[in-house]
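Enquirer: Dumping the structure here so I can ask a few things about it.
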Amino acid sequence: MQYRTFGRTGWQVSEIGYGMWGLAGWTGSERQEVDQALDRSVELGCNFFDTAWGYGEGLSERILGDLLKRFSDKRLYVATKIPPKNRQWPSKPEFTLKDVFPADYIVEYTEKSLKNLGVETIDLQQFHVWEDGWAEQDEWKEAITQLTQQGKVQAWGISVNRWEPDNCLNTLRTNLIDAVQVIYNIFDQAPEDNLFPLCRELNIGVIARVPFDEGTLTGTLTKESTFPADDWRSTYFVPENLNSSVDHADALKPLVPAGMTLPEMALRFILENPDVATTIPGMRKLRNVEANMATSDGKTLNPELIKELKGHRWDRTPTEWSQ
């Protein structure tokens, strides 16, 4: 496992982290299997775990809390998120800070996360949605300053809304934010335009989420793929999105080098970017943990291939199904 410096925090984090959304709220998550997968990731050198209260109303946090107990001798970094008070993902420009993150609510949910995780300090507490229009409002600033001074949170981050990587730039310039979590993958290259250069300038840690484009870049989806009604993907992969996603993935398959899989190429594309501190694939099965962790071996992609992959950028804008 290779490690990278997480912005100005100075933490040395595994460049392949663990995204814990799929452990609560998607179908197919069996607790024993989940624990085995998490344990194996630690054995393979993973030390960065990203969860949220919103993943199963604290369930994913509690699963992570149990992992921390099992590996109390290791330094594992915990990133979680405060859910929007109005429970709207993503946020919208017309939402007010008072509707989404009033000060007392920021404190309340940080306390809930501390309890779920069984820790006294959260390494990275993130806002699970954001609007850059809130950048100059004092309420959130006072709340996070208080929690930091009390030793309850070490660093603060923003999880940027899907396909809106610039919807946080003024907030980052307040110098109160230490990390940003953004969708970045072969298709979603827009963060390279403005967000990554600013993070470089301000020494802000970057977490690349959705490395497989919600499954598209695993290459396993077809135009006939369906999901159970209680699985989030059933509302995301509506026909309009599913058909287009499969076409875009199919166009990549001829580029996969011999001996490599499409998911491996997808992860290696992200690791090629030094602006990224860690990427957080969702993993529920042991084989996926082992395959994903194995990509952190310091080997690089052929420069010609990288150039070709850059040509597969797919700029999208939020729609009613793209939560």
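The sequence shown begins at 2 in the numbering used here and counts up by one.
Ideal placement from N, C-alpha and C gives every residue a C-beta, glycine not left out.
Computed from a predicted structure; not experimentally measured.
Which runs of the alpha helix (DSSP H), 4 residues or longer, sit entirely within the stretch 290-323?
Expert: Whole alpha helix (DSSP H) segments, 4+ residues: 304-311.
Enquirer: Assign TYR237 to one of three DSSP states: helix, strand, or coil.
Expert: Helix at TYR237.
Enquirer: Helix, strand or coil for VAL207? Go by DSSP, reduced to three states.
Expert: VAL207 falls in the strand class under three-state DSSP.
Enquirer: Taking the beta strand (DSSP E) that ALA156 belongs to, which residues open and close that run?
Expert: Where ALA156 is concerned, the enclosing beta strand (DSSP E) stretches over 154-160.
Enquirer: In the DSSP assignment, what are the bridge partners of ILE123?
Expert: BP columns for ILE123 point to VAL154.
Enquirer: To the nearest angstrom, report how far apart LEU173 and GLN126 are at their CA atoms.
Expert: Roughly 15 angstroms separates the two Cα atoms.
Enquirer: Short of 6 angstroms in beta carbon distance, which residues of its chain neighbour PRO166, apart from the five on each side in sequence? Order them along the chain.
Expert: Result list for PRO166: VAL183, ALA191, PRO192, LEU196, in chain order.
Enquirer: Excluding five sequence neighbours on each side, which residues of the same chain lie with their C-beta closer than 7 angstroms to the C-beta of ARG5?
Expert: VAL14, GLU16, ALA278, THR279.
Enquirer: How many angstroms separate the CA atom of GLU109 from the CA atom of HIS249?
Expert: Near 42 angstroms, if we compare the C-alpha coordinates of HIS249 and GLU109.
Enquirer: Identify whether THR227 lies in helix, strand or coil by the three-state DSSP scheme.
Expert: Note: THR227 maps to coil in three-state DSSP.
Enquirer: Rank ARG88, CYS47, GLN33, TRP135 by C-alpha distance to the C-alpha of PHE72 and give the top, closest one.
Expert: Looking at the Cα atoms, CYS47 is the closest of the given residues.
Enquirer: Within the continuous beta strand (DSSP E) that includes ALA180, where are the two ends?
Expert: 180-184 is the extent of the beta strand (DSSP E) around ALA180.
Enquirer: Enumerate in chain order the residues of its own chain whose CB-to-CB distance from GLY66 is below 8 angstroms, with the five nearest sequence positions on each side excluded.
Expert: Only ASN117, LEU118, GLY119, VAL120 meet the Cβ criterion.
Enquirer: Alpha carbon to alpha carbon, how far is ALA136 from ASN171? Give it in angstroms, no decimals.
Expert: Cα to Cα, the separation comes out at about 6 angstroms.
Enquirer: Output yes or no for whether 8 angstroms exceeds the beta carbon distance between LYS99 and GLY59.
Expert: Contact flag unset, no.
Enquirer: Who does ASP335 pair with in a DSSP beta bridge?
Expert: Any property of residue 335 remains undetermined from this structure, which presents the chain solely from 2 to 324.
Enquirer: Taking the continuous beta strand (DSSP E) assigned at ALA80, which residues delimit it?
Expert: 78-83 is the span of the beta strand (DSSP E), which, as asked, contains ALA80.
Enquirer: Could you name the residues of the same chain whose beta carbon sits closer than 8 angstroms to that of ARG76, not counting the 5 residues immediately before and after it, in chain order?
Expert: Taken in chain order, the residues that qualify are ASN48.
Enquirer: Am I right that HIS313 and ILE123 are in contact with their C-beta atoms under 8 angstroms? What's the rounded C-beta distance?
Expert: Wrong, their Cβ atoms sit about 36 angstroms apart, outside the cutoff.
Enquirer: What residue range does the alpha helix (DSSP H) around VAL14 cover?
Expert: Premise fails: VAL14 lies in the beta strand (DSSP E), 13-15, not in any alpha helix (DSSP H).
Enquirer: Where does PHE270 sit, in a helix, a strand or coil, going by DSSP?
Expert: The answer is helix: DSSP assigns PHE270 an H, G or I state.
Enquirer: Let me know if GLY260 comes out buried or exposed under the rule of 16 or more other beta-carbons within 10 Å of its beta-carbon.
Expert: By the 10 Å Cβ count, GLY260 comes out exposed.
Enquirer: Run through DSSP, which three-state label would PHE102 get?
Expert: Of the three classes helix, strand and coil, the one that applies to PHE102 here is coil, per DSSP.
Enquirer: Under DSSP, the alpha helix (DSSP H) around ARG32 begins and ends at which residues?
Expert: First-last of the alpha helix (DSSP H) with ARG32: 32-44.
Enquirer: Report yes if the C-beta distance between PRO84 and ALA53 is below 8 angstroms; otherwise report no.
Expert: Yes.
Enquirer: With 16 other CB atoms within 10 Å as the buried threshold, where does ARG88 fall?
Expert: ARG88 comes out exposed.
Enquirer: Can you tell me whether GLY283 is helix, strand or coil according to DSSP?
Expert: In this structure, GLY283 counts as strand in the three-state DSSP scheme.
Enquirer: Report the partner residues of ASP51 according to the DSSP bridge assignment.
Expert: DSSP lists GLY20, ALA80 as partners of ASP51.
Enquirer: Under 8 angstroms Cβ to Cβ from GLN138, same chain only, skipping five residues before and after it: list those, please.
Expert: Once the five neighbours on either side are set aside, the close Cβ partners of GLN138 are LEU98.
Enquirer: State buried or exposed for ARG288, treating a residue as buried only when at least 16 other CB atoms are found within 10 Å of its CB.
Expert: Burial call: exposed.
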